[in-house]
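All residue numbers for the sequence shown refer to this note's numbering, where the first residue is 524 and numbers rise by one. Every residue, glycine too, gets a C-beta built ideally from N, C-alpha and C. Here is the structure we will look at.
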Amino acid sequence: MKLENATQESLASQFKPDVATRDDVVNQFGPPDKKITAGSLEVWTYSYASSAYVMVAFAAVPTGAKKVANFYFDDKTGVLKKVELDTHRG
Numbered sequence: 524m525k526l527e528n529a530t531q532e533s534l535a536s537q538f539k540p541d542v543a544t545r546d547d548v549v550n551q552f553g554p555p556d557k558k559i560t561a562g563s564l565e566v567w568t569y570s571y572a573s574s575a576y577v578m579v580a581f582a583a584v585p586t587g588a589k590k591v592a593n594f595y596f597d598d599k600t601g602v603l604k605k606v607e608l609d610t611h612r613g
C-alpha cells in the first residue's frame with residue numbers, strides 16, 4: 524500500500540493497535556518524514572501531496588490532495604497505539 528492510496532480504514536486494518544510495531548510501519552512506508560516525542564508516545568508522520576491545476580474562467584484553480592498519516596507508538600516498546608489519517612483536497 525502507498526500512502527496516496529491509503530484510507531483511515533485501510534491503515535487501521537493493516538496496522539492494528541497493540542499489535543503492529545515501528546518495524547511494520549517502516550517496512551511498508553520507509554523512514555518517516557518527521558518523528559516527535561509527546562510524553563510516553565513517539566509520533567511518526569508521513570506525508571503525501573499531489574498537485575494539479577484546473578482552468579476555470581481564465582484562472583488556474585489548484586486541485587489535488589494532501590494526506591498526512593500519524594502513527595503513535597509506545598516510546599519504550601515500539602508498539603503501535605493509534606494511527607490517524609488526515610486528507611485535504613484543493
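- By the neighbour-count definition (other C-beta atoms within 10 Å, threshold 16), A543 is a buried residue.
- When secondary structure is reduced to three states using DSSP, A529 falls in the coil class, being assigned neither helix nor strand.
- Per DSSP, D556 lies in no beta strand (DSSP E) and is assigned neither H nor E.
- The Cβ neighbour count for E565, taken over all protein chains shown within 10 Å, is at least 16; the residue is labelled buried.
- DSSP places V606 inside the beta strand (DSSP E), whose first and last residues are L603 to R612.
- Assignment of S563 by DSSP, reduced to helix, strand and coil, places it in the coil class.
- In terms of Cβ geometry, W567 and F596 form a close pair [threshold 8 Å].
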